[in-house]
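**Q** Residue numbering for the sequence shown follows my numbering, beginning at 3 and increasing consecutively.
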Amino acid sequence: MIPLYRCLLLVASINLYSVNTSWASLSPTEIGNDGADTLKTNQFVEQNILIREHKESATKETSTTPCYVPSGPRELFIAPTEVGVIWYPPPVPIVKYTVEWREIGASTWPYSFTANTIIQSLTGLTPGTAYEWRVNQTCSTQETSEFTTPRSFTAQCSAPTNLWFRSGTSNSARVYWPGASTLQYQIRWRLQGSSSSWEERLLGYGVREFEITSLLTGSSYEWQVRTLCRESATDWSASATFTTACVPTGISNFWNYPTKADVGWASVGSGVSYRLDWRMAGQTTWPNSLTTTQTRLYITGLTPSTEYEARLQVICGPEIASEYSGRLRLVTPVCDVPVDTKEASIDSQRATVSWQWSDAANHIIQWREKGMADWTYEQNTPNTSFGIANLSSGKEYEWRVQRYCTSAVSSSFTTPRSFSALCVAPKSLGNKFVASNSVRAWWSGEAGYQYTVRWKPAAGTQNWQEALAQSETVFDINGLSNNTLYEWQVKKNCQGAWTDWSPSLTVTTECRPISGMRMLSYLGGSEASWYWDGREDLENYVVVWRPKSQPMFIYQLTTTKPYTSLTNLNPSTEYEVWVQVGCSDQNWSAPSQPISFTTTECATPTYCIETAVTPTSAQVQWYSQSMHNRYRVEWRKIGDYVWLYAIVGYPAEFLLTGLESGVRYEWRVKQLCAAIPNENFSVIRTFTTQCSAPTGQNVSYVTSTGALVNWSGLADANYQVRWRSTTVGNDWTEGATPVKGTSATIAGLTNDTTYEWQVRSICTSPFSSWSDSYTFTAECKSIFLSLNNPIGPSTIEMNWRLRGIDDSYRLQWRLYGVREWDELLTTERSIVLRNLTPGKFYEARLQLVCSDGTLSPFSEYARIFTTPFQCSDFKSIRNGRWDDPKTWSCGRVPARGDIVEIGHVVTAETNLRFIASQIRYGAGGRLQYKQGSKLLIEP
3 MIPLYRCLLL VASINLYSVN TSWASLSPTE IGNDGADTLK TNQFVEQNIL IREHKESATK
63 ETSTTPCYVP SGPRELFIAP TEVGVIWYPP PVPIVKYTVE WREIGASTWP YSFTANTIIQ
123 SLTGLTPGTA YEWRVNQTCS TQETSEFTTP RSFTAQCSAP TNLWFRSGTS NSARVYWPGA
183 STLQYQIRWR LQGSSSSWEE RLLGYGVREF EITSLLTGSS YEWQVRTLCR ESATDWSASA
243 TFTTACVPTG ISNFWNYPTK ADVGWASVGS GVSYRLDWRM AGQTTWPNSL TTTQTRLYIT
303 GLTPSTEYEA RLQVICGPEI ASEYSGRLRL VTPVCDVPVD TKEASIDSQR ATVSWQWSDA
363 ANHIIQWREK GMADWTYEQN TPNTSFGIAN LSSGKEYEWR VQRYCTSAVS SSFTTPRSFS
423 ALCVAPKSLG NKFVASNSVR AWWSGEAGYQ YTVRWKPAAG TQNWQEALAQ SETVFDINGL
483 SNNTLYEWQV KKNCQGAWTD WSPSLTVTTE CRPISGMRML SYLGGSEASW YWDGREDLEN
543 YVVVWRPKSQ PMFIYQLTTT KPYTSLTNLN PSTEYEVWVQ VGCSDQNWSA PSQPISFTTT
603 ECATPTYCIE TAVTPTSAQV QWYSQSMHNR YRVEWRKIGD YVWLYAIVGY PAEFLLTGLE
663 SGVRYEWRVK QLCAAIPNEN FSVIRTFTTQ CSAPTGQNVS YVTSTGALVN WSGLADANYQ
723 VRWRSTTVGN DWTEGATPVK GTSATIAGLT NDTTYEWQVR SICTSPFSSW SDSYTFTAEC
783 KSIFLSLNNP IGPSTIEMNW RLRGIDDSYR LQWRLYGVRE WDELLTTERS IVLRNLTPGK
843 FYEARLQLVC SDGTLSPFSE YARIFTTPFQ CSDFKSIRNG RWDDPKTWSC GRVPARGDIV
903 EIGHVVTAET NLRFIASQIR YGAGGRLQYK QGSKLLIEP
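1) What residue does the beta strand (DSSP E) around Pro958 start on, and which one ends it?
2) Our contact map puts Ser356 next to Thr386 with C-beta atoms below 8 Å; I'd like the distance itself, whole angstroms only.
3) From the DSSP secondary-structure annotation, give me the bridge partner or partners of Gln497.
4) If you run the structure through DSSP and keep just helix, strand and coil, what is Pro887?
5) Using a threshold of 8 Å, state whether the C-beta atoms of Cys141 and Cys248 are closer than that.
6) Whole angstroms is fine: what's the gap from Pro75's alpha carbon to Ser183's?
7) Return the CA-CA distance between Val723 and Thr219, expressed in angstroms with no decimal places.
8) May I have the straight-line CA-CA distance separating Val436 from Val509, to the nearest angstrom?
9) Residues in the same chain with beta-carbon distance under 6 Å from Leu124, minus the five sequence neighbours each way, listed in chain order, please.
10) So Ile367 is in the beta strand (DSSP E); what residue range does that whole segment cover?
11) Can you say whether Leu826 is buried or exposed, counting buried as having 16 or more other CB atoms within 10 angstroms of its CB?
12) Is Ala38 helix, strand or coil when you go by DSSP?
13) Going by DSSP, what residues sit across from Glu576 in a beta bridge?
14) To the nearest angstrom, report how far apart Glu309 and Ile764 are at their CA atoms.
15) Return the bridge partner residues of Arg331 from the DSSP annotation.
16) Report the start-end ranges of each beta strand (DSSP E) in the region 189-235 that is 3 residues or longer and not cut off at the edges.
17) Taking a contact to mean a Cβ-Cβ separation below 8 Å, would you say Ala709 touches Phe786 in this structure?
18) Among Tyr923, Glu799, Ala161, Val441, whose alpha-carbon lies nearest the alpha-carbon of His906?
19) Within a Cβ cutoff of 6 Å, which residues of the same chain sit near Thr343, ignoring the five residues on either side of it in sequence?
20) Can you list, in chain order, the residues of its chain whose CB lies under 8 Å from that of Gly396, leaving out five sequence neighbours each side?
21) Can you give me the Cβ contacts of Phe916 inside the same chain, cut-off strictly under 8 Å, excluding the 5 residues immediately before and after it?
22) Kindly indicate which three-state DSSP category Phe916 falls into: helix, strand or coil?
23) Please report the straight-line C-alpha distance between Ser412 and Ala312, rounded to a whole angstrom.
24) Measure the C-alpha to C-alpha separation of Tyr399 and Lys372 and round it to an integer number of angstroms.
25) Comparing C-alpha positions only, which one of Ala240, Arg928, Ala614, Ala719 sits nearest to Thr690?
26) According to DSSP, is Glu845 part of a helix, a strand, or is it coil?
27) Inspect the CB distances between the region 652-666 and the region 618-626 and report whether three or more fall short of 8 Å.
28) Report the option in Tyr453, Ala461, Asn570 whose CA atom is closest to the CA atom of Gln979.
29) Under a three-way DSSP split, which group does Asn290 fall into?
30) With the cut-off set at 8 Å, would you say Leu299 and Val265 are in Cβ contact?
31) Which same chain residues end up closer than 6 Å to Gly715 when comparing Cβ atoms and leaving out the 5 residues on each side of it in sequence?
32) Just to confirm my understanding: we take Val476, look at its own chain, exclude 5 residues before and 5 after, and list those with CB closer than 6 Å. What are they?
33) Judging by CA-CA distance, which residue of Thr856, Arg329, Gln315 is the nearest neighbour of Ala323?
34) With a cut-off of 8 Å, do at least 3 Cβ pairs link the region 161-172 to the region 119-134?
35) Which complete beta strand (DSSP E) runs does the region 88-123 hold, if anything under 3 residues is left out?
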């Protein structure tokens, strides 16, 4: 009996769902193997079984409590030599289940096993034979229930019947079906209700889970699976469906720090971005936001001991955004004192100290020789460890650390800790690769140090032998005597001063058998590669093997490497192999435990298919009997004489590249068989490199008279676009041929009219079919101000995303609280506002003026911005970053028009572009540039 799943009843309520023969989820019960086989679906409720907690129900049981028969027995899958079975657990505490099966017509039940989970597999079946099975339970009262009514099945290759959608994103879906680990499956999918061709994939042995990618957002798909048997393939299973989505899920707060919060959420797929807004609790607007493609970020600049709230929006594409998520409550803690202070490592000149409770904000660490009055210190340390250097050997020191949250908020210092600057011998010693005359010694240690190893027999009075370790923390001790107990020690060189020797570690030399033997690959049923744990070139390994039908091991080879290949094997034959170690003192180890394996037959590949045919490539796949086989794939243009070829292994697939567009090709594949010449190629298959219809359609922007449309495809390919009003009876308008690239402009549209559009690929011959329709409405829509860029105290640049090339934009702005708006009209993507009042709040909004004169509404909300205030005494007040307002006396970052005086070490971070009118340097002043940073001097 081989269990199919490990099943754990996590809580006391189990919901069972099914439609016809489809099983759904046991929720909140988890059924799985590493979570990989958890059952999930969205089906209708068939029944609900409530199981009381064992502890509670045990107090109420009496001798009359019935021991119920398990209900709902069912087959999860049926294979030629295996069947998966499941049943409902009865509503009483159980001790075990007993499963029995037999061939139909037998008078006894010869096969049985006990189990404590409700999903099992019956193995060792004979293909084509009819069986029946049943199950009962032993209850906690030690009573045994009746068996269930026997269920019958025939052991045969059948299509999967239980298809489940596990999880999905905006453009992918992970699907699963129960099946046998010895079989291979093929999956296909397409848009639900579509007449387009299926996308297909051939999967590896035992693969029963697959992630379908490159899907359209918010679309419904159907998918099917079939089983590949040795003789033939089954019919396709009944279709199952799923729908991709664009919704924010799983927003959560991982950790809060005094000045920042760690926030994350579930991914909805690739190609999307996320907008996170946050504010102090009680505020009525959302003044802070970030847009990112990541699923986790830090909200920074927060105030300690303050309540905040956040919300999330998913942006799946131009004009496609989700609703906001529910609000997430955040509370920043006080600026706590660091905890768990300790010394990580100490030597005569250096000590590494560490602590906990860091939010990557700064720390101030201080240290001094014990008894001294003044502290040496290091500030602005963002890490949770620090190396104190230049210590005096043998001296005693003390240290402490303080958390620096903001310029106004710091914690107290920790209680000082003491240590002595002493070099300590290595710890954690170990032995590896023990042989009759050698051993590999290892120990834990730090980089940058020398070590010396010494050894001697543990008994007697022999002198130590010692040597400098050639590798920092590993040393091979050679020239030992067999069957002898040795001890060894190691010491460390600390800046010229050696530690004491470590405590001894002992090892007994002996010629030990090998361990960790495993198979690397097959070659066409006649060759098998193996490797094991061992040292190279110091020992001889004798590898011995035989067909399992032979009474004696009749083949052997010798090697000095811990790997080898067994050749001239017979296909479809069971072998066993073991290895014996010949140690260098002529001693031999005991043989390793024999390992059995079965070679595959040198067979002609079957189930050959082509997938993902493009103008220049095609993916080809075929059925493989084993993941260890190797194949020769050949292809050519029809009419050519010479075959191109490639040698491939597992998985049994290959991408043909460098093909010509619109050309017919043929291909074939054969298995490589080392001992037997094999010319048994598969049946030749043909295909034409034609562009499939583009996918991933979208609309980047829409105006009252035009739209920019785009799709997924090759950037250097040609395409044709057509469109029409969705009103019944309208003809298609086709765009100019060809369109280069993956976007096109549709013009001449009528305002407030809904259109559909399609695109097709243009190859040498033939053209692809038209894509599915995608709709949009021509309208003069409002647009958003994307960002503002302060140039100086009275000047700011406003930006937005361009729409049609003939459209104009009306920007209005005003002081916050003033009634009247100022405005400018432009055809550009930005406007520079001048003569603003420094240090004031402004609001701005944008209106699109479409080319036909139609006006959009103003942007949904006015964007608030603040002009930098004028500062006449702009100078640094501490070491810090240029872009940190806390570095400057004016409490803001310098801008155009500012004369800046630097009297500290100011750092321009990587790729920072920064501006000032003039820079002066005081005593100790220095401006440090990191890679890519650039200063602009503008009056």
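Glycine included, every Cβ here is placed at the ideal spot set by N, Cα and C. Only a predicted model underlies this, so the values are computations on that prediction, with no experimental measurement involved.
**A** With the given structure in hand:
1) Nothing in the structure corresponds to residue 958, since the chain is present only between 3 and 941.
2) The beta-carbon separation of Ser356 and Thr386, rounded to 6 Å, stays under the 8 Å limit for a contact.
3) DSSP output for Gln497 lists no bridge partner at all.
4) DSSP, reduced to helix, strand and coil, places Pro887 within a helical segment of the structure shown.
5) In this structure, Cys248 does not lie closer than 8 Å to Cys141 by Cβ.
6) Rounded to the nearest angstrom, the two C-alpha atoms are 22 Å apart.
7) One Cα belongs to Val723, the other to Thr219, and the distance between them is close to 21 Å.
8) Roughly 8 Å between the two C-alpha positions.
9) So the qualifying residues of the chain are Val85, Trp103.
10) Segment 364-371, the beta strand (DSSP E) holding Ile367.
11) The residue is exposed, with fewer than 16 neighbouring Cβ atoms inside 10 Å.
12) In this prediction, Ala38 has a pLDDT of 35, which is less than 50 and means its spatial position is unreliable; nothing more can be read from the coordinates.
13) In DSSP, Glu576 forms a bridge with Thr600.
14) Taken atom to atom, the span from the alpha-carbon of Glu309 to that of Ile764 is near 58 Å.
15) Note: Arg331 sits in a beta bridge opposite Glu311.
16) If we require 3 residues or more, the beta strand (DSSP E) runs fully inside the region 189-235 come out as 201-204, 211-214, 222-230.
17) In this structure, Phe786 does not lie closer than 8 Å to Ala709 by Cβ.
18) Nearest C-alpha to His906: Tyr923.
19) Closer than 6 Å at Cβ, skipping near neighbours: Trp357, Thr416, Arg419.
20) Excluding positions up to five away in sequence, the list reads Ser350, Ser422, Ala423, Leu424.
21) Listed in chain order, the non-local C-beta contacts of Phe916 below 8 Å within the same chain comprise Trp884, Asp885, Val895, Pro896, Ala910, Ser935, Lys936, Leu937, Leu938, local neighbours out to five positions each way being set aside.
22) Residue state, collapsed to three classes: strand.
23) Spanning the alpha carbons of Ser412 and Ala312 requires a straight line of approximately 26 Å.
24) Approximately 5 Å, taken between the alpha carbons.
25) Among Ala240, Arg928, Ala614, Ala719, the Cα nearest to that of Thr690 is on Ala614.
26) Three-state result, Glu845: strand.
27) Yes, they touch.
28) Residue numbering for the chain in the displayed model covers 3 to 941; residue 979 lies beyond these limits and cannot be assessed.
29) DSSP places Asn290 in strand when its eight states are reduced to three.
30) Yes, the pair counts as a contact, with Cβ atoms nearer than the cut-off.
31) Excluding sequence neighbours, Gly715 sits near Pro696, Thr744.
32) Short of 6 Å from the beta carbon of Val476, and not among the five residues preceding or following it, lie these beta carbons of its own chain, in chain order: Trp444.
33) Nearest of Thr856, Arg329, Gln315 to Ala323, Cα basis: Gln315.
34) These segments do not touch.
35) Taken in chain order, the complete beta strand (DSSP E) segments of 3 residues or longer contained in the region 88-123 are 96-105, 113-117.
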